[in-house]
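Order-wise, the sequence lines are chains A and B.
For the first sequence, my numbering begins at 1 and goes up steadily by one.
For the second sequence, my numbering begins at 430 and goes up steadily by one.
All C-beta atoms in this analysis are idealised placements derived from N, C-alpha and C, irrespective of residue type, glycine included.
Here the structure is laid out as structure tokens; the discussion comes afterwards.
Number of protein chains: 2
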Amino acid sequence: MTAETAVLRDDLVSEMNDLGRAARAAAAELAMAGPEQRNDALQAAAEALRDQSDKIIAANAVDMSAAEAKGLSAAMLDRLLLDSDRVEAMALGLEAIADFPDPLGRVLEERSRPNGLQIAKIAVPLGVIGIIYESRPNVTADAGGLCLKSGNAAILRGGSESANSSGAILECLQAGLRKAGLPEAALQRLPTTDRAAVGIMLTMSEDIDLIVPRGGRGLIERVQQESRIPVMAHLDGLCHTYIHGDADKEMATEIAVNAKMRRTGICGATETLLVDRSAVESHLPDVLKALVSAGCEIRGDETVQAMEIGTSVKEAVAQDWDTEYLDSIISVKVVDGLDDAVSHINQHGSHHTEAIVTEDQTAAQAFLNRVDAAIVMHNASTQYADGGEFGMGAEIGISTGKLHARGPVGADQLTSYKYLVRGRGQVRP
Amino acid sequence: MTAETAVLRDDLVSEMNDLGRAARAAAAELAMAGPEQRNDALQAAAEALRDQSDKIIAANAVDMSAAEAKGLSAAMLDRLLLDSDRVEAMALGLEAIADFPDPLGRVLEERSRPNGLQIAKIAVPLGVIGIIYESRPNVTADAGGLCLKSGNAAILRGGSESANSSGAILECLQAGLRKAGLPEAALQRLPTTDRAAVGIMLTMSEDIDLIVPRGGRGLIERVQQESRIPVMAHLDGLCHTYIHGDADKEMATEIAVNAKMRRTGICGATETLLVDRSAVESHLPDVLKALVSAGCEIRGDETVQAMEIGTSVKEAVAQDWDTEYLDSIISVKVVDGLDDAVSHINQHGSHHTEAIVTEDQTAAQAFLNRVDAAIVMHNASTQYADGGEFGMGAEIGISTGKLHARGPVGADQLTSYKYLVRGRGQVRP
Chain A
1 MTAETAVLRD DLVSEMNDLG RAARAAAAEL AMAGPEQRND ALQAAAEALR DQSDKIIAAN
61 AVDMSAAEAK GLSAAMLDRL LLDSDRVEAM ALGLEAIADF PDPLGRVLEE RSRPNGLQIA
121 KIAVPLGVIG IIYESRPNVT ADAGGLCLKS GNAAILRGGS ESANSSGAIL ECLQAGLRKA
181 GLPEAALQRL PTTDRAAVGI MLTMSEDIDL IVPRGGRGLI ERVQQESRIP VMAHLDGLCH
241 TYIHGDADKE MATEIAVNAK MRRTGICGAT ETLLVDRSAV ESHLPDVLKA LVSAGCEIRG
301 DETVQAMEIG TSVKEAVAQD WDTEYLDSII SVKVVDGLDD AVSHINQHGS HHTEAIVTED
361 QTAAQAFLNR VDAAIVMHNA STQYADGGEF GMGAEIGIST GKLHARGPVG ADQLTSYKYL
421 VRGRGQVRP
Chain B
430 MTAETAVLRD DLVSEMNDLG RAARAAAAEL AMAGPEQRND ALQAAAEALR DQSDKIIAAN
490 AVDMSAAEAK GLSAAMLDRL LLDSDRVEAM ALGLEAIADF PDPLGRVLEE RSRPNGLQIA
550 KIAVPLGVIG IIYESRPNVT ADAGGLCLKS GNAAILRGGS ESANSSGAIL ECLQAGLRKA
610 GLPEAALQRL PTTDRAAVGI MLTMSEDIDL IVPRGGRGLI ERVQQESRIP VMAHLDGLCH
670 TYIHGDADKE MATEIAVNAK MRRTGICGAT ETLLVDRSAV ESHLPDVLKA LVSAGCEIRG
730 DETVQAMEIG TSVKEAVAQD WDTEYLDSII SVKVVDGLDD AVSHINQHGS HHTEAIVTED
790 QTAAQAFLNR VDAAIVMHNA STQYADGGEF GMGAEIGIST GKLHARGPVG ADQLTSYKYL
850 VRGRGQVRP
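If you want it as structure tokens, here you go:
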């Protein structure tokens, strides 16, 4: 490090510490605000998004042209793009969050003890949440809105390619906070998209209570490695669908095509199809043909490559079993029974969402019990892995770790609790 | 590091990795074992403790004479001591854990979606839990038993002073596992009490899912600083009792004496008494006199030192407000109203257990809302901070963090969950 960069880094550390302290103070204020005030801020933010729609789209245009110049893929560019419909969708999303029941103050348990003590377990905010995410700028509104709803301050770190768009969206959220008389510092973002700022953020355990990283294995591992703060990982989905020997063929075909092809870019999309050896002759040709006619590229093991399905099947190499394509590509592997399927999934999956298709209830139950994932499905498409589809409302994402919250993370999951004990002078014998 | 210590360290790393992999494999087996098998292991371990009582007491005698030679305090020696009653208490504790309802497989939520998907949220084990604790050897039985009950493998690291006692107890737990046909590696301890082994343990994120440190601020901070694994901190209790201006004097006196003096060595003992300025003349003399006659040393601020209570009051220095005495000593401070009390507690407390004594319901509710602690009490002794007193059965301790579990941590709190989704071929539109 040169003397000059060391000075710059000291400046950044000091700026980050100010930001952390401001977030901590804002969190204390937010925790005491009533549900009306938090919901007013969400409503006002939605209005601001609509008012500032043109400005947000103009900021997005700057990000888009930089991204095009950098040669980002069409899929990435689509993730980044904002138009008036997408801005309106963000505004509607904030209004929907405002309409949820209040996640705070919920009585999670209540008990009366023989000695007369009344014990209540009450939902409270976590405090300050740091959220690290990649390209989609709408996460700024969704994640910020959920933190605000649950009484938490948030420090956001979006991808550098969406910096202008996210900045414009954040201004609207802060306008909502101001209008509701809440501190602007309740929702902030890092002063720079420089990686060094993330590194500093991950050490700020005094002022940040939880880090939520959303993204691929590289990002998650870096964060878990560096963070001095508890991490709730949202790893991308490397999801499997397993066609058991007793699967209904038509159902298996429909589920496989939907699980892979409905939307290829979401984390609940199936990336690897496992087919039981006993279903290879009976089921696999139809399943593969349906995937191919839906426009999917097949990468298979030797058995799959040898199938005659009217098109050639590429070879799946070792790396394919660990690849989240997020594209119209699927890897297909023949497995020797349920044990083999479960063992492949527990080794290669991202503990996100896994499915079995079978008419055999015993096999289904064994799969549900033994697969180690946030969501395990029987006879359903992995694309249902979504807080909205679960009836939980908006979500920050699907937590793939086992601590605190697992599966869809909405406003309720961004809370902790405390025990309130009410007595009339009891002392312990 | 010399070449020789480097080799020794490599050996230790390799031994620790073997231990971690064995724990991971045992956890997978344990997760599939039914409740009867886990309870059989607990019952058999209780029997083994009774059978081996003499051997355990002999091992404890070795620890005791080393501790006496080291000059440990009488309080520390008492924590370390095992006699036949205490061994019997451990056996009864394991039997009580066996009698609890099964924490696994509990249906935490169930919902049926409009599209016919059935969604169930089911309790599952966390996996492998590393537990780091200090002197009391009985923690080996309690913590090991709770992990086994909840289907988790455990890696235990007790204090070096109790190494022989803990080893003898662990052998009984492992005998129970063997007898029930479960893998011995489900409960292991570090091969050495060398601090280096703890350092290695804290990096084993592949094989350990959660670290539970129980102890003082130094231990907790070291673990939080070094750990690459999520930490559920059990910080010692720096608990306060606040006598509000509208407190009933007799109740305030009884609670203060009980909260401090019933047992001074437990984490729920009050260490600092806050007295509202408006209660100084009316309440404080009686409260202080009662504490003194119960054998308590008083350390006070200027106002408290000036009180005439028939004995001299020592000066409380800055450090006293951050000291957990675990002894017959209390620091006493006069505060200017509820705001001042809450602010002192949120700054100096360990987020464990805090109490207010008052007849004013509004003041009580404000205190319950604004104090940031796992347990907040109104008109009750802080000594009630205990899983058993909460009706939750045995506990590993009181979690002082906000992530995953807060407050008493029993078998239920050592679980995660997964969502099971059952369909009949649904695909997402």
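- Of the other Cβ atoms in all chains shown, 16 or more fall within 10 Å of the Cβ of B:T682; this residue is therefore buried.
- Relative to the Cα of A:D40, the nearest Cα in the group A:P114, A:K179, A:L92, A:G130 belongs to A:K179.
- In its chain, beyond the 5 residues on either side, E700, T701, D751, T752, E753, H777, G778, S779, H781 have a beta carbon closer than 8 Å to the beta carbon of B:L667.
- Under the three-state reduction of DSSP output, B:Q654 falls in the helix class.
- In the three-state DSSP reduction, A:D276 falls in the strand class (E or B).
- Taking a contact to require three or more Cβ pairs closer than 8 Å, the region 473 to 490 of chain B and the region 633 to 644 of chain B do not qualify as touching.
- Less than 8 Å separates the beta-carbon of A:Q43 from that of A:A98.
- As a beta-bridge residue in DSSP terms, A:V231 pairs with A:I211.
- The residue among B:M445, B:A552, B:S564, B:L599 with its C-alpha nearest the C-alpha of B:G573 is B:L599.
- Cβ-Cβ distances below 7 Å link B:R657 to L631, T632, S634 in the same chain, with the five nearest sequence neighbours on each side left out; the list follows chain order.
- About 7 Å separates the beta carbons of A:G158 and A:V139, which is inside the 8 Å limit, making them a contact pair.
- For the C-beta of B:H833, the chain A residues within less than 7 Å are, from N- to C-terminus, L403, H404.
- Positions of the beta strand (DSSP E) runs, each at least 3 residues long and wholly inside the region 233 to 310 of chain A, are given as 239 to 243, 270 to 276, 297 to 300 in order along the chain.
- Across the structure, B:Q794 and B:A809 are spaced so that their CA atoms are roughly 14 Å apart.
- Here DSSP, grouped into helix, strand and coil, assigns A:V376 to strand.
- Looking at the DSSP output, B:T782 shares a beta bridge with B:I804.
- At a cut-off of 4 residues, the continuous stretches assigned as alpha helix (DSSP H) that sit fully inside the region 64 to 138 of chain A are 74 to 80, 84 to 99.
- In terms of CA proximity to A:E281, A:I309 leads the group A:I200, A:I309, A:F100.
- Interface criterion met: the Cβ of B:V805 is under 8 Å from a Cβ in chain A.
- Across the structure, A:A123 and A:A31 are spaced so that their CA atoms are roughly 11 Å apart.
- The C-beta distance from B:R508 to B:S564 rounds to 5 Å, short enough to fall under 8 Å.
- Following the DSSP letters along the chain, one finds B:K847 inside the beta strand (DSSP E) bounded by residues 844 to 855.
- Bounds of the beta strand (DSSP E) holding B:P837 are 836 to 838.
- Listed along chain A is no residue with a C-beta nearer than 8 Å to that of B:R467; the closest approach is about 15 Å.
- Scanning its chain for C-beta atoms nearer than 6 Å, with the 5 sequence neighbours on each side dropped, one finds around B:E824 the residues G816, P837, V838, G839, in chain order.
- Per DSSP, A:S331 is not a residue of any alpha helix (DSSP H); the beta strand (DSSP E) it occupies stretches across 329 to 335.
- DSSP places B:Q617 inside the beta strand (DSSP E), whose first and last residues are 616 to 618.
- Taking 8 Å as the CB threshold, B:I684 lines the interface with chain A.
- Cβ-Cβ separation between A:M232 and A:G20: approximately 19 Å, too far for a contact (criterion under 8 Å).
- Cβ-Cβ separation between A:R422 and B:H807: approximately 5 Å, consistent with a contact (criterion under 8 Å).
- Not flagged as an interface residue toward chain B: A:D286, since no C-beta distance is shorter than 8 Å.
- Leaving aside the five residues that flank A:E15 on each side, the residues in its chain whose CB is nearer than 7 Å to its CB run, in chain order, P191.
- In this structure, B:L616 and B:A583 form a Cβ contact; the two beta carbons are roughly 5 Å apart against a cut-off of 8 Å.
- A:M201 does not reach chain B, its nearest Cβ partner there being about 16 Å away, counting only Cβ pairs nearer than 8 Å.
- Secondary structure at B:S772: helix, using DSSP grouped into helix, strand and coil.
- In this structure, the alpha-carbon of A:A256 lies about 12 Å from that of A:D248.
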